[in-house]
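Numbering (the working numbering), first residue to last: 430 to 545. All C-beta atoms, glycine included, are put in the ideal place defined by N, C-alpha and C. Presented below is the structure to which this report refers.
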Amino acid sequence: MNKQLEYLRALEEFDSILKDFEEKEYQKLGFLNEPINIDFMKIVERERTKLRKKIAANLLKEYDRIKKHYGSKIVVQVIKGYCSGCYSKLPSEIVSRCKTEVKTCPNCGRFLYYLT
């Protein structure tokens with residue numbers, strides 16, 4: 430898998446962790462005031478910042494655009510020739526190229542990855 434795509438997938442994981450911690454449920458229950466959770470969030474945020482610096486500017490801009498539009502499922506797997514974000518059938522050329530290159534779904538614009 431392309432290194433930039435690996436970074437994008439990791440960034441999405443960090444964003445998901447941070448979002449979970451920011452949910453209203455955690456605030457209601459008082460979990461955010463626990464020292465261990467504050468430290469954990471700082472570590473995740475620091476690692477997320479480091480990771481963003483490794484991603485090409487054009488890909489990062491596209492990632493942020495997709496995240497703003499969809500919220501989650503920014504980097505999605507190709508399953509049996511379909512985008513697992515919008516479930517549309519992908520052209521075979523895109524399926525084969527996303528094995529080695531960073532490609533996006535022509536329908537929803539999400540980043541695609543293919544596991545062999």
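For Thr-533, the number of other beta carbons within 10 angstroms of its own is at least 16, and it is reported as buried. The beta carbon of Asn-487 sits closer than 6 Å to no other beta carbon from its chain once the five residues preceding and following it are set aside. Assignment of Ile-523 by DSSP, reduced to helix, strand and coil, places it in the helix class. In the three-state DSSP reduction, Tyr-499 falls in the helix class (H, G or I). When Phe-450, Thr-478, Val-531 and Leu-480 are compared, the shortest CA-CA separation from Phe-469 is found for Phe-450.
Looking only at Val-524, Gln-433 and Ile-446, the smallest Cα-Cα distance to Thr-545 is reached by Val-524. Under the three-pair Cβ rule at 8 Å, the region 478-496 counts as touching the region 433-444. With fewer than 16 neighbouring CB atoms inside 10 Å of its own CB, Leu-447 falls in the exposed class. In summary, Glu-522 is exposed, with fewer than 16 beta-carbon neighbours lying within 10 Å of its beta-carbon over all protein chains present.
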